[in-house]
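Every letter in the sequence shown is one number past the one before it in UniProt numbering, and letter 492, counting from 1, is 492. Note that CB positions come from ideal geometry on N, CA and C, so glycine has one too.
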Amino acid sequence: MSRGGVTSGSDGSSNRDSIRLEEDVPYCGPFCGSCRVHTDFIPSPYDSDSLKLKKGDVIEIISKPPMGTWTGMLHNKVGSFKFIYVDVILQKEEVEQERKIRPHRRSRRPRPKTLLEMLERLDLKQYLPPPKPKVIGIDLGTTFCSVGVFHPGLGEVEVIGDLQGRKSIPSVVSFTVSGIHSGYEGQDLADANPLNTIYDAKRFIGKLFTPEDLERESTPYQFQVLHRNGSAEFSISTNRTFTVTPEYISSRLLLNMKKMAERHLGVLISKAVISVPADFDERQRNYTVRAANLAGLEVLRVINEPTAAAMAYGLHKVDVLNVLVVDLGGGTLDVSLLNKQGGMFLTRAMAGNNKLGGQDFNQRLLQHVFTRVHEQYGALPSHEGDIHTLRQAVEAAKLNLTFGQTSVIRVPLSLRGSAGSVVYEDVLTRQLFEDLNADLFQKILTPIEEVLREGRLDKSEVDEIVLVGGSTRIPRIRQIIAQYFGMEPNTSVDPELAVVTGVALQAGIMGGSWPLQVSAIEIPNRHLRKTNFL
1 MSRGGVTSGS DGSSNRDSIR LEEDVPYCGP FCGSCRVHTD FIPSPYDSDS
51 LKLKKGDVIE IISKPPMGTW TGMLHNKVGS FKFIYVDVIL QKEEVEQERK
101 IRPHRRSRRP RPKTLLEMLE RLDLKQYLPP PKPKVIGIDL GTTFCSVGVF
151 HPGLGEVEVI GDLQGRKSIP SVVSFTVSGI HSGYEGQDLA DANPLNTIYD
201 AKRFIGKLFT PEDLERESTP YQFQVLHRNG SAEFSISTNR TFTVTPEYIS
251 SRLLLNMKKM AERHLGVLIS KAVISVPADF DERQRNYTVR AANLAGLEVL
301 RVINEPTAAA MAYGLHKVDV LNVLVVDLGG GTLDVSLLNK QGGMFLTRAM
351 AGNNKLGGQD FNQRLLQHVF TRVHEQYGAL PSHEGDIHTL RQAVEAAKLN
401 LTFGQTSVIR VPLSLRGSAG SVVYEDVLTR QLFEDLNADL FQKILTPIEE
451 VLREGRLDKS EVDEIVLVGG STRIPRIRQI IAQYFGMEPN TSVDPELAVV
501 TGVALQAGIM GGSWPLQVSA IEIPNRHLRK TNFL
């Protein structure tokens, strides 16, 4: 009987000495060694060399009689050759051992197509520079937004800044005849172009309003908010009049974040993880995803802001049970009580104040400055440029008072009446700032007490207090929280970048750059409702 082109003897055993092979039939039998053609090999014109041997060729030996012609396979072709032309480099026993280690030649994996594939096979991939991240994490905040990435090679998050190195970008979009301006460009146009500069779009995205509710919600804004089929739209009038939706405004902010990341990383970005408030319903989350799609981003996951903050503080890796997250940004206060179960977070209770934030503290200080200007010069600033400059000076002073006891402001003003052009100079103190905002600071405790009541938890049972948002840097606010709980809040992470840091970690997970045991998946709580205080 013939098998694979090899004839067998009458006893069923393979007769290697009188072996006959058919070159057109693939050989699938065993080998008894391998050999290499001599480096000084010179073929004889009288030899029938069917294998077309060349110096250095390695031949798999099929049969090797003691003298004469051997049979072997070279480049998947079977033929005969003289044993005097070769040196044996593997005997039968060594071939059997090698077979246990590597697959049969005919079943080898295909050749690597790229350098990366080749290095992976050689286990040398670790010597290459780590790949650039391709999934970004975005904190789309009410007043500021940020973007970050997780670097697998370094094992850390990088929050990406703009060309000036600023990592928190204003959530502002301004429309002019020359184009659309977002971020700091839009913010700089706010005072000169108030009717066409949109901010706080996050308060409106995906939310359904009655006409009466929308009118109340839009009262503080100079831009016009229209009611369209239960949703909000913003009226814009430049060289033409049109409307834009909140998700379009958000898409411009997200596009800005995307471009910042692409410029910094040097790669195109098409995927992202985005954070939203824990009280966002399904519709608000879907409209946020729609905004990302408009910006050319595929959203791999929407993560709650409190959970992202907890991840930024590393609480997904430590043994804690009850985590209180206090998020005080530019325009809103959100307090969340998280319960950690294994590696997952459950939001047990939420409360907050949608009308309390850093902008309100600034406004109190700005009103004080206006009063002092009137007392000193008998007139109030009315020029748009002067008001814008004063706002910037007050914001800078507030930041300085976070780290020092005094701050000097010096602002040129063009006042009406006899005062004319003046240079207003004043010294503001931390005590003055705290006195002006004392009642607002105390309002922070109201939602804290509410989440503890709803979560049926005593304040002594809170294991960790996490601070989020730039306004939690204010020393008096930290002091009020510490005095209430009898313990210091966790301040190991920059509160302004806590959410984006956590979102970037989640982006790293979704991009396959993070161990699975720290995925920090959220447990959805669909019955959760936020209690809002004013």
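Item to check | Where T245 falls: helix, strand or coil (DSSP) | outcome: Numbered from 1 along the sequence shown, position 245 holds the residue referred to as residue 245. T245: coil per DSSP, three-state reduction.
Checklist entry - Who are the near neighbours of residue 538 in its chain, counting only those whose CB is closer than 6 Å to its CB and skipping five residues on each side? => result With the chain running from 1 to 534 in the structure shown, residue 538 is simply not present.
Checklist entry - By DSSP, does D188 sit in helix, in strand, or in coil? => result In the sequence shown, counting from the first residue as 1, residue 188 sits at position 188. For D188, the three-state secondary structure derived from DSSP is helix.
Next on the checklist: So if DSSP puts residue 535 in a beta bridge, which residue, or which two residues, is it bridged to?
Outcome noted: What is shown of the chain runs 1 to 534, which leaves residue 535 out entirely.
Item to check | Outcome for K55 when other beta-carbon atoms lying within 10 angstroms are tallied against a minimum of 16 | outcome: Start at 1 with the first residue of the sequence shown, and residue 55 comes out as number 55. With fewer than 16 other Cβ atoms within 10 Å, it is exposed.
Checklist entry - Comparing alpha-carbon positions, which option in V466, S471, R476 and G508 lies nearest P489? => result Locating residue 489 in the sequence shown gives position 489, counting from the first residue. Of the listed residues, the one whose Cα sits closest to P489 is V466.
Checklist entry - If you run the structure through DSSP and keep just helix, strand and coil, what is K77? => result What you label residue 77 is simply residue 77 of the sequence shown in a count that begins at 1. Correct three-state label for K77: strand.
Next on the checklist: Rounded to whole angstroms, what is the Cα-Cα separation between L294 and K258?
Outcome noted: Residue numbering aside, residue 294 sits at position 294 when the sequence shown is read from its first letter. Residue numbering aside, residue 258 sits at position 258 when the sequence shown is read from its first letter. Their backbone Cα atoms lie some 12 Å apart in a straight line.
Checklist entry - From P194 to T238, what does the alpha carbon distance come to, in whole angstroms? => result What you label residue 194 is simply residue 194 of the sequence shown in a count that begins at 1. What you label residue 238 is simply residue 238 of the sequence shown in a count that begins at 1. Answer to the nearest angstrom: the Cα atoms are 12 Å apart.
Checklist entry - In or out: V318 buried (at least 16 other Cβ within 10 Å) or exposed? => result Taking the first residue of the sequence shown as 1, we reach residue 318 at position 318. V318 is classed as exposed because its beta carbon has fewer than 16 other beta carbons within 10 Å across all chains shown.
Checklist entry - How big is the Cα-Cα spacing for N437 and R364? => result For the purposes of this step, residue 437 is taken as the residue at position 437 of the sequence shown. For the purposes of this step, residue 364 is taken as the residue at position 364 of the sequence shown. Looking at the two C-alpha atoms, the distance is approximately 7 Å.
Checklist entry - What are the boundary residues of the alpha helix (DSSP H) that G420 is part of? => result Locating residue 420 in the sequence shown gives position 420, where the first residue counts as 1. That residue, G420, is in no alpha helix (DSSP H); its beta strand (DSSP E) goes G420 to T429.
Checklist entry - If you draw a straight line from the alpha carbon of R456 to that of A272, how long is it in whole angstroms? => result Counting from one through the sequence shown, the residue named residue 456 turns up at place 456. Counting from one through the sequence shown, the residue named residue 272 turns up at place 272. Between R456 and A272, the C-alpha separation is close to 36 Å.
Item to check | Assigned exposure category for T371 - 16 Cβ within 10 Å defines buried | outcome: Here residue 371 is taken as the residue at index 371 of the sequence shown, counted from 1. T371 comes out exposed.
Item to check | Own chain partners of T491 with C-beta closer than 7 Å, once the 5 adjacent residues on each side are dropped | outcome: Position 491 of the sequence shown, counted from the start, is the residue given in the question as residue 491. Cβ within range, chain order: L467.
Checklist entry - What separation, rounded to the nearest whole angstrom, lies between the Cα atoms of N354 and L366? => result If you number the sequence shown from 1, residue 354 lands on position 354. If you number the sequence shown from 1, residue 366 lands on position 366. Distance between the alpha carbons of N354 and L366: 21 Å.
Next on the checklist: Short of 7 Å in beta carbon distance, which residues of its chain neighbour Q405, apart from the five on each side in sequence? Order them along the chain.
Outcome noted: Residue 405 sits at position 405 when you count from the first residue of the sequence shown. Once the five neighbours on either side are set aside, the close Cβ partners of Q405 are T429 and R430.
Checklist entry - How many angstroms separate the CA atom of E347 from the CA atom of T307? => result Indexing the sequence shown from 1 puts residue 347 at position 347. Indexing the sequence shown from 1 puts residue 307 at position 307. Looking at the sequence provided, one finds Thr at residue 347 rather than Glu. Taking the Cα positions, T347 is about 8 Å away from T307.
Next on the checklist: With DSSP as the reference, identify every bridge partner of E449, one or two as the case may be.
Outcome noted: Looking up residue 449 in the sequence shown gives position 449. Paired residue(s): none; E449 is not in a bridge.
Next on the checklist: If you follow the alpha helix (DSSP H) that K340 is in, where does it begin and where does it stop?
Outcome noted: In the sequence shown, residue 340 corresponds to position 340, counting from 1. Taken as a continuous stretch (DSSP letters only), K340 belongs to no alpha helix (DSSP H), being part of the beta strand (DSSP E) at L333 to Q341.
Item to check | Proximity of S174 and L163 at Cβ, strictly below 8 Å | outcome: As a position in the sequence shown, residue 174 is number 174, starting the count at 1. As a position in the sequence shown, residue 163 is number 163, starting the count at 1. Taking 8 Å as the Cβ cut-off, S174 and L163 do not qualify as a contacting pair.
Checklist entry - By Cβ distance below 7 Å, which residues in the same chain neighbour E384 in space, the five residues on each side in sequence not counted? => result The residue labelled residue 384 in the question sits at position 384 within the sequence shown. Once the five neighbours on either side are set aside, the close Cβ partners of E384 are D191 and A192.
Checklist entry - Between which two residues does the beta strand (DSSP E) harbouring V408 extend? => result Your numbering for residue 408 matches position 408 in the sequence shown. T406 to L415 is the span of the beta strand (DSSP E), which, as asked, contains V408.
Item to check | Residue span of the alpha helix (DSSP H) that contains H368, given as start and end | outcome: As a first step, residue 368 must be located in the sequence shown, where it is residue number 368. Residues G358 to Y377.
Item to check | Bridge partner(s) assigned by DSSP for I169 | outcome: The residue labelled residue 169 in the question sits at position 169 within the sequence shown. DSSP output for I169 lists C145 as bridge partner(s).
Checklist entry - Counting along the chain, where does the alpha helix (DSSP H) carrying D281 start and finish? => result Sequence index remark: in the sequence shown, residue 281 carries index 281 (1-based). D281: not part of any alpha helix (DSSP H); DSSP gives it neither H nor E.
Checklist entry - Of the choices A349, S407, T446 and S414, whose alpha-carbon is the least far from that of V373? => result By 1-based counting over the sequence shown, the position of residue 373 is 373. Comparing Cα-Cα distances from V373 to each of A349, S407, T446 and S414, the minimum goes to S414.
Checklist entry - What does DSSP give as the partner residues of M510 in its beta bridges? => result Walking along the sequence shown from the start, residue 510 turns up at place 510. Bridge partners of M510: none, in fact.
Checklist entry - Would you say the stretch 497-512 touches the stretch 130-150, given that touching needs at least three Cβ pairs under 8 Å? => result Yes: the two stretches touch, three or more of their Cβ pairs being nearer than 8 Å.
Checklist entry - Per DSSP, M350 forms a beta bridge with which residues? => result As a position in the sequence shown, residue 350 is number 350, starting the count at 1. Beta-bridge pairing links M350 to S336 and K530.
Checklist entry - What does DSSP give as the partner residues of S237 in its beta bridges? => result The count along the sequence shown starts at 1 and reaches residue 237 at position 237. According to DSSP, which records beta bridges pairwise, S237 is partnered with T241.
Checklist entry - Taking the DSSP output, what are the residues bridged to Y199? => result For this step, residue 199 is matched to residue 199 along the sequence shown. Beta-bridge analysis with DSSP links Y199 to V172.
Checklist entry - Any idea which residues DSSP pairs T71 with across the strands? => result Taking the sequence shown and counting its residues from 1, the one referred to as residue 71 is at position 71. Bridge partners of T71: S63 and S80.
Next on the checklist: In the DSSP output, what is A272 paired with across the bridge?
Outcome noted: Reading the sequence shown from its first residue, position 272 is the one you call residue 272. I136 and V299, per the DSSP bridge assignment.
Checklist entry - Which stretch, first to last residue, makes up the alpha helix (DSSP H) that contains Q222? => result Within the sequence shown, numbered from 1, the residue matching residue 222 stands at position 222. DSSP places Q222 outside any alpha helix (DSSP H), giving it a letter other than H or E.
Checklist entry - By the 10 Å Cβ neighbour count, where 16 or more other Cβ atoms means buried, how is Q341 classified, buried or exposed? => result Taking the first residue of the sequence shown as 1, we reach residue 341 at position 341. For Q341, the number of other beta carbons within 10 angstroms of its own is below 16, and it is reported as exposed.
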